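Working notes, structure below.
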Amino acid sequence: MSKLVRLFFLFPVLAILIPTTDLFGSDVYGPRPFHQILDSDLTKTWSPASVSAIQNREHVLLVDAGTMSYCLTVDPSDPSSLGVGDVSVLTGGTGTYGNAVRSMFQVLDLNTAVLATESLTGTYTLHPWLASYHAMDADADIASGSASSVVIRDKNSFYMAEQSTIAFLVFTLAGTASSTTVQATSRYFYNTSLDPAIYELDTEWSADQWLRMDATSVSLTAVESEATAFMLADANDLIDVKVPAGSDFNPQSTDWQTNSFAAWPTGNDTPWDYDESQLNSDGFLQSVDDYYETQFGDSDEASAAASSALDAIEASLAGQGAALRYSKDVYLTFRESLLGYEFGAVDMYNSVLGEKTVENVYFTNAADDDGMYHPFMVIASHNAPAGPQFLIDVARPPGDGIGGTYEDQTITRNAVLENRLVKIPLRDYGLVSTLTDNDLSEYGTLAEDMGLTEDDWTVDNYASLSSSAIAVDGAMIYPAFSNILVYATFSAEITVSGIHVGRGMGFHYHADGHSFNGNGINLYNLGDYEGHSHPPIIGFVFDGIAVFGKYESTYDSMDGHGDVLDDYNGHTHDDYGYHHHAYSTEVAQQAQNGQAVTYVQHFFQRGAFKGLVNDIPGLFQVSTSQFMEDEYKRYVGAEGTVVVGTDDGLILQTPVSFNISQNYPNPFNPLTTLSYDLPENEHVGITIFDIAGKRVKTLVNTYQLAGSRSTQWNATNDAGTPVSGGLYFYTIRAGDLKQTRKMLLLK
Ligand SMILES: [Zn+2]
Ligand SMILES: [Zn+2]
């Protein structure tokens with residue numbers, strides 16, 4: 191092939207329909223994302239009952255105790271505005287999840303974050319479920335002394351300092367949980383004139399102000415007799431987010447730890463403004479080849495481009511006698527699902543309501559140096575779930591790793607967005623028959639990290655030291671085991687939704703929240719199953735195997751229901767190919783005192799790979815720095831790594847570095863081929879020298895386009911006369927680069 195042409199393909203604009211029902215003998219669909227859950231019916235009826243006591247971390251609805259008709263609620267269109275909700279839609283079962291969730295608040299003691307050094311104050315800040323970094327405040331300037339109404343204000347998110355007023359109210363709840371006034375006894379404001387800025391008591395604030403709520407509005411009153419008596423109704427009776435002692439997510443009844451909260455990451459990991467996130471920056475666009483950018487975003491055009499890219503990938507795999515692991519619709523469905531998640535809760539320091547958790551999902555198709563294609567689904571994700579996660583309530587979160595024992599460490603009860611570039615292989619590399627068919631020696635495993643020998647490697651411990659899969663909301667999934675080879679659930683490290691954060695404050699799932707607690711606001715929920723013939727797709731493992739939701743007894747006619755799952759929690763049935771399911775089973779773990787504790791483990795993903803991974807380039811690479819690594823950047827579609835074939839539909843990969851191969855054959859007589867890789871369009875000179883360094887022949891002296899190229903030498907000199915046998919050198923120059931090799935002419 192003498193001509194490689196870089197084309198900017200114009201994709202045919204196809205109206206592609208993502209199948210939601212059987213099209214290929216399988217039913218693949220994503221779960222309903224959080225913002226859609228908010229709009230869906232909460233059919234359960236509710237009888238408000240107060241929490242057992244007014245104490246730190248209670249989840250409550252503030253219902254007027256007199257009529258039980260109204261509750262404090264956050265305005266659906268303006269999360270900073272407080273209004274009055276109708277309790278009857280919740281008691282009557284006619285409301286939505288949004289009606290419930292927007293009326294839910296967490297009561298936090300003023301000193302919750304610093305209990306390692308301070309005591310409980312018995313005074314509280316009030317935080318809406320959908321904005322845990324925000325709190326109730328007076329609708330007044332700092333030092334106003336009093337106010338007539340209340341608002342929700344940013345208390346400690348990344349964007350706090352952008353607010354004109356930064357302050358919060360501290361309440362005293364003097365009554366009982368079934369009837370208490372809510373007195374705004376003090377107010378704190380963020381004093382930005384200090385360096386560093388800190389929260390200070392607003393000394394002008396008058397303590398004689400109480401919340402008053404009627405049918406239409408909520409306000410502050412200075413007249414105590416006008417104060418509303420509130421019931422602190424238990425929110426868990428409506429949407430249960432408890433992880434009780436002795437439950438499957440806290441089987442050892444571990445106490446809630448009072449360590450202080452870890453500080454925000456610094457240095458390279460310092461949190462950033464969502465608007466300046468790397469994943470939606472111009473720099474990202476410049477990093478990715480124009481060819482792939484047609485798939486960017488969440489539009490019909492982008493979906494059509496993604497579909498066309500998969501066609502080209504299928505064709506190029508077929509040309510190598512290979513295939514996609516799953517049918518095209520599985521990848522297109524997962525892509526659409528990932529792009530359907532938006533932040534419905536401000537539960538991460540630098541997230542923004544309504545923005546996407548996953549920015550782009552695109553299909554790449556680069557070949558390795560031997561010409562083997564390794565197509566990937568590349569997911570540019572902020573690594574965060576879309577709904578509230580309740581990290582405050584985790585009994586024993588991971589420590590920050592700084593300092594000696596756990597007791598000395600600060601702990602991770604806060605989260606930040608991250609930039610992740612996750613690659614899910616599309617090529618069917620096959621399945622292992624035993625664990626060690628996969629060679630993970632270059633990466634390390636949980637088992638080896640703990641010094642286990644091969645005899646003790648299992649589907650739980652022969653697993654990644656960090657992430658090994660991605661969930662359909664774009665958050666990372668880690669093996670079920672922690673790095674000390676116990677299930678993270680056993681150590682009471684995770685939230686009701688099966689997630690937590692480690693050092694660096696990035697989220698990751700360790701367990702399946704849905705099968706622990708079917709509260710309706712998990713990653714996937716029972717409502718998703720309605721009208722379908724298989725559980726929803728909920729994740730993809732780095733070996734290319736899909737993960738589906740748990741089989742539910744109430745949907746026992748689903749495809750594959752009752753089919754046994756193997757040790758990897760996977761099976762093959764109908765036209766689904768091999769896939770995993772979330773799965774619950776009884777396990778035994780050893781407590782610190784040596785006693786075995788038996789409980790039900792709710793697996794999201796087990797740990798070990800069932801898919802063969804030995805040929806997958808950059809297996810555990812999830813960083814955006816892949817763009818800068820010559821070996822991997824082609825697989826994330828880096829600029830300049832794509833050349834589109836003119837007639838065969840193949841996406842070829844441009845060599846990433848100048849490289850010349852040994853001539854072939856060698857020794858030779860009289861014809862040999864000289865091959866080289868040209869990463870950029872360059873002036874190329876190829877010259878043959880004899881052993882004395884004298885020029886014998888100029889083979890090439892011209893401008894050439896990038897690509898893998900070759901030329902032949904017939905053992906003649908510039909005059910066309912055959913040369914004598916012996917050792918020769920050939921030098922290939924490309925611009926400023928030069929390489930020389932020797933070859934032997936045998937006569
Ligand atoms: Zn973890
Ligand atoms: Zn199945």
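For reference, each letter of the sequence shown is one residue, going 191 to 937 in the working numbering.
Cβ coordinates follow ideal geometry from the N, Cα and C atoms, glycine included.
This structure is a prediction, so every number in the text was calculated from the model and none was measured.
Do W400 and V360 come within 8 Å of each other at the CB atom, strictly closer than that value? The residue you call residue 360 lines up with position 170 of the sequence shown. The residue you call residue 400 lines up with position 210 of the sequence shown. No, they are not a contact pair.
Check each residue's C-beta against every heavy atom of ligand 1 and list, in chain order, those closer than 7 Å. P588, Y668, S672, A678, E683, H690, G692, H698 and H700
Suppose contacts are defined by Cβ-Cβ distances below 8 Å. Is I342 in contact with A357 by that definition? Residue mapping note: residue 342 aligns to position 152 of the sequence shown, counting from 1. Residue mapping note: residue 357 aligns to position 167 of the sequence shown, counting from 1. The answer is no: Cβ separation not under 8 Å.
What residues in its chain sit with their C-beta under 6 Å from that of T393, if we drop five residues either side in the sequence? Along the sequence shown, read from residue 1 onward, the residue named residue 393 stands at position 203. There are no such residues.
Assess, as a yes-or-no matter, whether the segment 287-294 is touched by the segment 308-323 under the definition of 3 or more beta carbon pairs within less than 8 Å. yes
Member of S450, S270 and A576 whose CA lies at the smallest distance from the CA of P946: With the chain covering 191 to 937 only, the question about residue 946 has no answer from this structure.
Rounded to whole angstroms, what is the Cα-Cα separation between P726 and R610? If you number the sequence shown from 1, residue 726 lands on position 536. If you number the sequence shown from 1, residue 610 lands on position 420. Approximately 24 Å between the Cα atoms of the pair.
Residue range of the unbroken beta strand (DSSP E) whose run includes T602: Taking the first residue of the sequence shown as 1, we reach residue 602 at position 412. It is not in any beta strand (DSSP E) - T602 carries neither H nor E in the DSSP assignment.
Residues near D537 by beta carbon distance below 7 Å, same chain, minus five either side: For the purposes of this step, residue 537 is identified with residue 347 of the sequence shown, where counting begins at 1. The answer, listed in chain order, is S322, P578, Q579 and A605.
Which residue from G256, L232 and L935 puts its Cα closest to that of A419? Along the sequence shown, one-based indexing puts residue 419 at 229. Here the closest residue by C-alpha is G256.
Determine, using beta carbons only, whether S407 and G717 come nearer to each other than 8 Å. Residue numbering aside, residue 407 sits at position 217 when the sequence shown is read from its first letter. Residue numbering aside, residue 717 sits at position 527 when the sequence shown is read from its first letter. Their beta carbons are not under 8 Å apart, which means S407 does not touch G717 by this criterion.
Residues near V890 by beta carbon distance below 7 Å, same chain, minus five either side: Residue mapping note: residue 890 aligns to position 700 of the sequence shown, counting from 1. Answer for V890: V874, G875, I876 and T901, listed in chain order.
What did DSSP end up calling T685 once you bin it into helix, strand or coil? As a first step, residue 685 must be located in the sequence shown, where it is residue number 495. Coil.
Cβ pair count under 8 Å reaching 3, the segment 783-802 against the segment 696-703: yes
Indicate, with yes or no, if ligand 2 has a heavy atom lying under 7 Å from the CB of F738. The sequence position of residue 738 within the sequence shown is 548, counting from 1. F738 Cβ: within cutoff of ligand 2.
Report yes if the C-beta distance between P386 and M695 is below 8 Å; otherwise report no. Position 196 of the sequence shown, counted from the first residue, corresponds to residue 386. Position 505 of the sequence shown, counted from the first residue, corresponds to residue 695. Not closer than 8 Å, so no.
Return yes when at least one heavy atom of ligand 2 lies under 7 Å from the C-beta of H317, else no. Counting from one through the sequence shown, the residue named residue 317 turns up at place 127. No, Cβ of H317 sits at least 7 Å from all heavy atoms of ligand 2.
For Q368, which option in G897, S309 and L251 has the closest C-alpha, if you only look at C-alpha atoms? On the sequence shown, residue 368 is found 178 positions in, with the first residue counted as 1. Looking at the sequence shown, residue 368 is not Gln but Ser. Residue L251 is the option with its Cα nearest to S368.
In whole angstroms, what is the alpha-carbon distance linking V551 and T523? As a position in the sequence shown, residue 551 is number 361, starting the count at 1. As a position in the sequence shown, residue 523 is number 333, starting the count at 1. Looking at the two C-alpha atoms, the distance is approximately 11 Å.
Beta-carbon gap between L755 and Y773 smaller than 8 Å: What you label residue 755 is simply residue 565 of the sequence shown in a count that begins at 1. What you label residue 773 is simply residue 583 of the sequence shown in a count that begins at 1. Cβ atoms of L755 and Y773: closer than 8 Å.
What three-state label does DSSP hand S865 in the structure shown? Counting from 1 along the sequence shown, the entry for residue 865 is found at position 675. Note: S865 maps to strand in three-state DSSP.
Going by the CB atoms, is the gap between S339 and L410 shorter than 8 Å? Along the sequence shown, one-based indexing puts residue 410 at 220. Along the sequence shown, one-based indexing puts residue 339 at 149. Yes. Within cutoff.
Is there at least one Cβ from chain D nearer than 8 Å to A494's Cβ? In the structure shown, chain D does not exist; there is a single protein chain.
Once you ignore the five residues that flank G504 on each side, which residues in its own chain have a CB closer than 8 Å to its CB? Stepping through the sequence shown from its first residue, residue 504 is reached at position 314. The sequence given here has Glu at residue 504, not Gly. Within the same chain, E504 has close Cβ partners A513, L514 and K518.
Meets three-Cβ-pair contact criterion under 8 Å: the segment 659-673 and the segment 420-439: no
For R515, the first and last residue of its enclosing beta strand (DSSP E): Your numbering for residue 515 matches position 325 in the sequence shown. Taken as a continuous stretch (DSSP letters only), R515 belongs to no beta strand (DSSP E), as it is neither H nor E.
Determine the DSSP secondary structure at E742, reduced to helix, strand or coil. Sequence index remark: in the sequence shown, residue 742 carries index 552 (1-based). Three-state DSSP puts E742 in coil, outside helix and strand.
Secondary structure, beta strand (DSSP E): runs of 3+ residues fully inside the segment 258-314: 260-264, 272-276 and 295-299
Short of 7 Å in beta carbon distance, which residues of its chain neighbour F451, apart from the five on each side in sequence? Order them along the chain. Locating residue 451 in the sequence shown gives position 261, counting from the first residue. Counting only Cβ-Cβ distances below 7 Å, and skipping sequence neighbours, we find A303, T600, I601, R603 and N604.
Between Y652 and the rest of its own chain, which residues show a CB-CB distance below 6 Å, the 5 nearest in sequence each way excluded? Here residue 652 refers to the residue found at position 462 of the sequence shown. Once the five neighbours on either side are set aside, the close Cβ partners of Y652 are L625, T635, A637 and A798.
Any heavy atom of ligand 2 inside 7 Å of the beta-carbon of P766? Position 576 of the sequence shown, counting from 1, holds the residue named residue 766. In the sequence as presented, Pro is not what sits at residue 766; that position holds Tyr. Yes.
Let me check you understand the geometry: is the CB of G750 closer than 7 Å to at least one non-hydrogen atom of ligand 2? Indexing the sequence shown from 1 puts residue 750 at position 560. Yes, Cβ of G750 sits closer than 7 Å to a heavy atom of ligand 2.
Check T211 in the structure and name its three-state DSSP category. In the sequence shown, residue 211 corresponds to position 21, counting from 1. Because the pLDDT of T211 is 45, which lies under 50, any placement of that residue in the model is unreliable, and the number read from its coordinates should be weighed accordingly. Three-state result, T211: coil.
Does the beta carbon of H761 fall short of 7 Å from some heavy atom of ligand 2? Your numbering for residue 761 matches position 571 in the sequence shown. Answer for H761: yes, Cβ within range of ligand 2.
Confirm the yes/no value for this check: CB of H704, any heavy atom of ligand 2, distance under 7 Å. Against the sequence shown, residue 704 aligns to sequence position 514. No, Cβ of H704 sits at least 7 Å from all heavy atoms of ligand 2.
Buried or exposed: where does P588 fall if 16 or more other Cβ atoms within 10 Å of its Cβ makes it buried? If you number the sequence shown from 1, residue 588 lands on position 398. Buried is the call here.
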